[in-house]
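Below is one structure; the comments refer to it alone.
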Amino acid sequence: MMVHALRSNRVNPAGQLDRGFGFLGKALVTFPGSLSSQANDLLFCPDGKILVVAKVDLPDGVHFGLARLNPDGSMDASFGQGGSLVGRFDAEGGSTAISLRRLCDGRILVFGLHYPDDRRTIPAVARFFADGRLDPCFGEQGIQLLRLPGRLSEGPRDHWLPPGLAGVENCSGSVQPDGKILLTLNHSDGATDHVGLLVRLLPEGGLDHSFNGLGFVMVRRRLMNTWLNCSLLQSDGKILVGGSIDFPPCGLIARYLPDGQLDPAFGLEGYLFVRFADASSMVTRLARSAQGQLFCVGNRFDPLGGALQGFSANGCIDRRFNRGAAVLLDINAPAYRWATLTLQPDGAILAAGSTVAGFGSDLLLARYLPGGQPDPDFASGKGYVRTRLGKSLDTVTALALQGDGRILLAGHSQRDAFQAVVMRYLG
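In the working numbering, the protein residues as written are 30 to 456.
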């Protein structure tokens with residue numbers, strides 16, 4: 030009620046594309062000489078510029094990409110070479126960038142995967158100065174390849190899942206106030222043994238052995254397979270991770286204390302199991318309100334559909350949020366999935382993803398009130414907007430909120446080849 034009252038005097042058509050950004054709300058992220066590009070994460074900077082990381086295909090193989098856009102969606106020529114740069118985490122093999130974080134001094138952390146061959150992945154982190162130059166004080170000349178004992182950091186390559194969908198390939202990161210770096214990744218030993226890992230690095234890239242005595246923890250319960258998609262750092266230093274467990278999968282959220290031990294005060298002995306609408310499920314992203322409420326988006330299977338659910342601070346179903354049930358979107362599409370979410374300062378919840386429909390898919394952005402109801406002030410009363418870029422596979426991978434309330438989406442569109450894009454909507 031309060032949120033609706035605060036918005037009653039707004040004249041902005043929230044949910045419409047911002048026609049002053051890029052070309053009518055859509056900006057292409059360009060990497061000179063590329064055959065294709067897929068944006069995987071974006072970040073809004075205090076000066077209004079926008080950072081984007083991507084997977085970039087060049088004639089000599091796959092590279093990570095880092096780009097910066099001006100506030101109007103044009104490429105920032107003062108960054109890299111004409112607004113973007115590409116590179117590899119190691120001289121041999123390919124690379125992809127999956128997520129990024131900006132440090133308080135303006136330096137940039139890029140998290141991704143190195144591909145030593147067609148079967149394996151190795152997590153990697155690179156640190157850049159604000160102008161796009163590698164910071165040689167981090168890792169080895171700016172790059173840290175993460176190799177754990179017993180090849181635990183090695184994961185499988187995912188050749189069958191469409192790009193941009195949550196799967197086994199993951200290296201997402203966050204930064205603690207003390208500068209230490211958290212990573213989530215997935216390890217595989219054969220076709221049937223999978224485990225997600227939470228790793229902590231020192232600010233300059235080395236393993237932090239004060240974390241669980243090893244620098245990492247295996248997120249696993251009773252030897253069941255686990256896969257991780259995301260992490261969230263709480264203000265009290267506790268760490269949440271989200272993904273799935275077992276097969277058929279059940280959504281999983283776990284919470285760890287700052288020293289790497291499971292938090293027994295959360296869920297069931299540190300674990301929370303999530304089945305959206307009593308179906309097989311996967312958690313893709315987490316968010317936490319200033320009051321401590323926990324929210325997650327993810328996907329249920331059979332039938333495939335996105336879902337949003339709310340929990341208390343300690344991992345119990347929040348019955349004030351949609352009466353304790355998962356929020357499902359009523360949309361005219363064969364299927365859809367949620368990739369990410371974020372919270373607005375007024376408590377409203379933004380969820381972003383894509384429809385799933387054969388040879389075509391559209392971008393999806395929805396806004397919900399703090400209680401889980403569709404926001405009647407968003408997208409002309411529907412509560413969600415569906416954007417079609419053409420007869421193409423359009424996929425959302427990331428979401429960010431600008432300081433003025435405008436909403437940024439990153440992803441890619443595919444016609445003949447993938448093209449990294451950033452969209453901006455009025456908020």
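We treat Cβ as the ideally placed atom computed from N, Cα and C, and that holds for glycine. Since the structure is predicted, the reported quantities are computational estimates derived from the model, not experimental observations.
- In this structure ALA83 touches GLN67 by the C-beta definition: roughly 6 Å separates them, less than 8 Å.
- Look at the region 227-262 and you find these whole runs of beta strand (DSSP E), each 3 residues long or longer: 245-248 and 255-262.
- Distance from GLY410 to ARG435 at the Cβ level is roughly 20 Å; contact not present, criterion being Cβ atoms closer than 8 Å.
- For PHE305, the CB contacts under 6 Å within the same chain, skipping 5 residues up- and downstream, are ARG329, ALA336 and ALA355 in chain order.
- Listed as beta-bridge partners of LYS84 by DSSP are GLN67 and PHE93.
- Three or more Cβ pairs closer than 8 Å define a contact, and the region 293-311 meets that threshold against the region 266-274.
- In the displayed model, PHE295 falls within coil according to three-state DSSP, outside both helix and strand.
- Annotation: GLY141 to LEU212 spans about 10 Å, alpha carbon to alpha carbon.
- Secondary structure at ALA306: helix, using DSSP grouped into helix, strand and coil.
- Partner residues in the beta bridge of PRO185, as assigned by DSSP, are ARG149.
- Using a Cβ-Cβ distance cut-off of 8 Å, the region 71-81 and the region 420-433 are in contact, since at least three pairs of beta carbons, one from each stretch, lie closer than that value.
- For SER65 and PHE447, the gap between their C-alpha atoms comes out near 5 Å.
- Between the alpha carbons of ASP265 and ASN343 lies a gap of roughly 13 Å.
- For LYS55, the enclosing beta strand (DSSP E) begins and ends at 55-57.
- Residue state for ARG352 is assigned as helix, using DSSP reduced to three classes.
- Under the three-state reduction of DSSP output, ARG180 falls in the helix class.
- A residue is called buried once 16 or more other Cβ atoms fall within 10 Å of its Cβ, and SER442 is buried on that count.
- Counting along the chain, MET104 sits inside no beta strand (DSSP E), nor does DSSP assign it H or E at all.
- Of the candidates ALA368, LEU53, GLY244 and ALA377, the residue whose Cα lies closest to the Cα of THR384 is ALA368.
- With contacts defined by Cβ atoms closer than 8 Å, ARG317 and GLN373 do not form a contacting pair.
- The continuous beta strand (DSSP E) containing GLY339 extends over residues 334-340.
- DSSP places ASN328 inside the beta strand (DSSP E), whose first and last residues are 323-329.
- Looking from the CA of THR59, the closest CA among ILE346, ARG97 and PRO178 belongs to ARG97.
- Secondary structure at SER128: strand, using DSSP grouped into helix, strand and coil.
- Pairing TYR300 with ASP218, the inter-Cα distance amounts to about 23 Å.
- When the alpha-carbon of PRO178 is set against those of LEU226, SER203 and VAL154, the nearest one is in LEU226.
- Distance from the Cα of ARG131 is smallest, within the candidate group ASP288, ASP187 and GLY161, for GLY161.
- Residue environment: GLN320 is assigned as exposed (fewer than 16 neighbouring CB atoms within 10 Å of its CB, all protein chains considered).
- In the displayed model, LEU418 falls within coil according to three-state DSSP, outside both helix and strand.
- In the structure shown, VAL197 adopts coil according to DSSP, grouped into three states.
- Here the alpha carbon of CYS200 sits roughly 11 Å from the alpha carbon of LEU175.
- By the criterion of a C-beta distance shorter than 6 Å, GLY109 is surrounded in its chain by GLY161, once the five residues flanking it on both sides are discounted.
- The alpha-carbon of ASP445 is positioned some 13 Å away from that of SER63.
- Bridge pairing for ASP423: SER442 [DSSP].
- Using a Cβ distance threshold of 8 Å, GLY49 and ASP101 count as a contacting pair.
- Of LEU95, ALA362, ASP404 and GLY111, the smallest CA-CA separation from THR416 is found for ALA362.
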